[in-house]
Amino acid sequence: MAEVTIERTVEWYDTDAAGHQHHSCIARFVEAAEAALLREHGLAWLFGETPRVRHEINYRNRLWFGETVRVTLRVGRLGDTSLQYEFEVHGKEGLAADGMLVVAHAKVDSPKATPWPQSVVDAFGADRDVKAPVLR
Numbered sequence: 003m004a005e006v007t008i009e010r011t012v013e014w015y016d017t018d019a020a021g022h023q024h025h026s027c028i029a030r031f032v033e034a035a036e037a038a039l040l041r042e043h044g045l046a047w048l049f050g051e052t053p054r055v056r057h058e059i060n061y062r063n064r065l066w067f068g069e070t071v072r073v074t075l076r077v078g079r080l081g082d083t084s085l086q087y088e089f090e091v092h093g094k095e096g097l098a099a100d101g102m103l104v105v106a107h108a109k110v111d112s113p114k115a116t117p118w119p120q121s122v123v124d125a126f127g128a129d130r131d132v133k134a135p136v137l138r
């Protein structure tokens with residue numbers, strides 16, 4: 003299963019008035035991990051062709067300004083036109099957030115989702131679940 007782990011520091015702009023992470027920083031951390039995973043597999047050219055169709059975050063613990071966090075993102079399922087990532091964000095107190103992100107493949111000039119190019123299937127195909135429902 004394709005996977006990447008990155009580290010990030012919780013910066014001042016990642017926090018809210020209570021001093022802990024703002025909910026949006028988890029989404030940014032996950033997108034940074036996605037970018038690293040795609041680059042690692044030679045798929046950075048996909049940027050602009052993978053709109054988000056679902057993002058689910060379970061907040062488990064707080065993260066504080068200055069804290070170093072580990073973000074792990076893995077391919078959970080590759081469908082014909084969609085890809086489900088699973089992620090975990092760990093801070094000094096353990097699991098801070100987990101969830102999933104579903105993206106679709108849509109060429110810039112297409113009004114709907116399109117099948118994954120062969121290079122994506124080759125990179126993530128071991129994780130392919132052809133019986134999975136199509137996520138629209």
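Mapping the sequence shown onto the working numbering, position 59 (from 1) lands on 61, and the numbers just tick up by one.
Built from N, CA and C at the ideal position, the CB exists for glycine as well.
Here DSSP, grouped into helix, strand and coil, assigns Arg-62 to coil. Scanning Gly-44, Tyr-61, Gly-81 for the CA closest to the CA of Gly-96 turns up Tyr-61. Cβ-Cβ separation between Val-55 and Ser-84: approximately 7 Å, consistent with a contact (criterion under 8 Å). If you compare the alpha carbons of Ala-98, Leu-65, Pro-53, Thr-11 with that of Ser-112, the shortest gap goes to Pro-53.
Burial is judged here by how many other beta carbons sit within 10 angstroms of a residue's own beta carbon; Arg-41 has fewer than 16 and is exposed. Take the alpha-carbon of Trp-66 and the one of Thr-17: they are about 7 Å apart.
According to DSSP, residue pairing for Leu-97 in a beta bridge involves His-92. Looking at the backbone, the Cα of Gly-68 and that of Ala-46 are separated by about 29 Å.
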